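The structure under discussion appears below in the form of structure tokens.
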Amino acid sequence: MQKWTFFLVVLFLLYLTQSVFSQNSPVGFFVGASGSLLLINAEAQYEGEDLDVTDDLFTMTSYEDPFGWEVSWTYGGLGWENKMLYGFKPIVGYRFSPRFAAYGAYNYLLTKKSEQSDAFTSQYTTFTLTMDASFEYSQRAIQLLGQFYPVANSGLFLVAGMEFVSLSAELSYDMVDTYYGARPWKADGSDKTSGFLFGAGFELPISSGNMALIGTVLFSTSKYDGDELLEVQTSPGVVTDPNIDLELNVGGIMFDAGLRIYFNKPPAL
3 MQKWTFFLVV LFLLYLTQSV FSQNSPVGFF VGASGSLLLI NAEAQYEGED LDVTDDLFTM
63 TSYEDPFGWE VSWTYGGLGW ENKMLYGFKP IVGYRFSPRF AAYGAYNYLL TKKSEQSDAF
123 TSQYTTFTLT MDASFEYSQR AIQLLGQFYP VANSGLFLVA GMEFVSLSAE LSYDMVDTYY
183 GARPWKADGS DKTSGFLFGA GFELPISSGN MALIGTVLFS TSKYDGDELL EVQTSPGVVT
243 DPNIDLELNV GGIMFDAGLR IYFNKPPAL
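Structure, rendered in structure tokens:
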């Protein structure tokens, strides 16, 4: 039974591939929209130290202070439920020939939010610190892409280009301890970065031929390296340098699926 199922799937894929390659492609302006899903790389460094971007906002560490006491401490991760960002992407473009097309897109990814609470007691005293933290992160991108169809009038294409990414973030801690009491802390900001995109996709005509289903898989190399994305605004003490140096891989694997509408119908076969 499993063998027959496998053969049926293979036959269906062959049929789908044949139908994709046998189209007669329209040429001219087109518009479209798609849903977008980004599995962000999210490897990060905070002030030169590795920063975890995991399900947990805090990573426990241990070290010895100058007096020889072993102290438990934490530093903030980015606290996402997962590394998945999703949103939508309107596009506008032009297909110059059966082999070449170019388009621009605005990738609007929904704001990522998380909240975490943590409390611990140091190992050398009854001193207790409780921290309630919240994190918000948004990522938007303007993408300029070119498509190449290896086979003329085919629906399979390669795609490559650049993206210009706008980022904003807000990280805040409501800290309360048994010695100092409440000590709020907050950092926020925004900045920009850019990177390359490359991948592949398919275009499957539907309706009267001037509408097509589009699916694309892209890899983004975008990486942020700066100190304006998180700038300390509120602190329980004096901050000599409020700009936090942060490196964050904001690229990853992107999946798009949606519709494209051509203003010109394809010529008759």
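Whatever position you read off the sequence shown (first residue = 1), add 2 for the working numbering. Every residue, glycine too, gets a C-beta built ideally from N, C-alpha and C. The structure presented is a predicted model; accordingly, all values stated were derived computationally and were not measured.
Review point. Taking DSSP as the reference, what is the three-state secondary structure of LEU112?
Key: As a position in the sequence shown, residue 112 is number 110, starting the count at 1. Coil.
Practice item. Return the bridge partner residues of PRO92 from the DSSP annotation. Key: If you number the sequence shown from 1, residue 92 lands on position 90. Beta-bridge pairing links PRO92 to ALA35.
Review point. Thinking C-alpha only, which one of ASN109, ILE246, GLY201, SER209 is nearest ALA35?
Key: Translated into positions along the sequence shown, residue 35 becomes position 33. The shortest Cα separation from ALA35 among ASN109, ILE246, GLY201, SER209 belongs to ASN109.
Check your understanding: If you count every other CB in all the chains shown that lies within 10 Å of the CB of LEU250, and 16 or more means buried, which is it?
Key -> Here residue 250 refers to the residue found at position 248 of the sequence shown. Here LEU250 is buried. Its C-beta has 16 or more other C-beta atoms within 10 Å.
Practice item. Taking 8 angstroms as the threshold, find out whether the stretch 150–169 comes into contact with the stretch 178–190 through three or more Cβ pairs. Key: No, because fewer than three Cβ pairs between the stretch 150–169 and the stretch 178–190 fall closer than 8 angstroms, the two stretches do not touch.
**Study point:** Local conformation of GLU66 per DSSP, three classes
**Key:** Stepping through the sequence shown from its first residue, residue 66 is reached at position 64. Because GLU66 sits at a pLDDT of 49, beneath the cut-off of 50, its placement in the model cannot be relied upon, and the point is left open.
Point to revise | TYR151 - containing beta strand (DSSP E), residue span | key: Within the sequence shown, the letter at position 149 stands for residue 151. First-last for TYR151: undefined, no H or E at that position.
Review point. What's the C-alpha gap between ASN266 and PRO28?
Key: Stepping through the sequence shown from its first residue, residue 266 is reached at position 264. Stepping through the sequence shown from its first residue, residue 28 is reached at position 26. The straight-line gap from Cα to Cα measures roughly 6 angstroms.
Check your understanding: Expressed to the nearest angstrom, what Euclidean distance is found between the alpha-carbon atoms of TYR226 and LYS194?
Key -> Mapped onto the sequence shown, residue 226 falls at position 224. Mapped onto the sequence shown, residue 194 falls at position 192. The straight-line gap separating the alpha-carbon atoms of TYR226 and LYS194 is approximately 8 angstroms.
Check your understanding: Where does ALA44 fall in DSSP's three states?
Key -> Along the sequence shown, one-based indexing puts residue 44 at 42. Coil, per DSSP.
Review point. Which residues share a DSSP beta bridge with VAL234?
Key: On the sequence shown, position 232 is the one that residue 234 refers to. Per DSSP, ALA189.
Exercise for review: Note down, in chain order, each residue of its chain lying with its Cβ closer than 6 angstroms to the Cβ of ILE216, except the 5 sequence neighbours on either side.
Suggested key: Sequence index remark: in the sequence shown, residue 216 carries index 214 (1-based). Correct list, in chain order: GLU205, GLY260, ARG262.
**Study point:** Buried/exposed call for GLU172, threshold 16 Cβ in 10 Å
**Key:** Along the sequence shown, one-based indexing puts residue 172 at 170. If you draw a 10 Å sphere on the C-beta of GLU172, you find 16 or more other C-beta atoms in it, and that means buried.
Exercise for review: Return the CA-CA distance between ASP176 and TYR151, expressed in angstroms with no decimal places.
Suggested key: Against the sequence shown, residue 176 aligns to sequence position 174. Against the sequence shown, residue 151 aligns to sequence position 149. Their backbone Cα atoms lie some 54 angstroms apart in a straight line.
Check your understanding: Going straight from the alpha carbon of GLY203 to that of LYS91, what length do you get?
Key -> As a first step, residue 203 is located in the sequence shown; it is residue number 201 there, counting from the start. As a first step, residue 91 is located in the sequence shown; it is residue number 89 there, counting from the start. Roughly 15 angstroms separates the two Cα atoms.
Review point. Cα-Cα, which of ILE144, GLU117, GLN149 is closest to SER99?
Key: Counting from one through the sequence shown, the residue named residue 99 turns up at place 97. Answer by Cα proximity: GLN149.
Check your understanding: Quick one: Cα of THR236 to Cα of ILE42, how far?
Key -> The count along the sequence shown starts at 1 and reaches residue 236 at position 234. The count along the sequence shown starts at 1 and reaches residue 42 at position 40. If you draw a straight line from the Cα of THR236 to the Cα of ILE42, it comes to about 29 angstroms.
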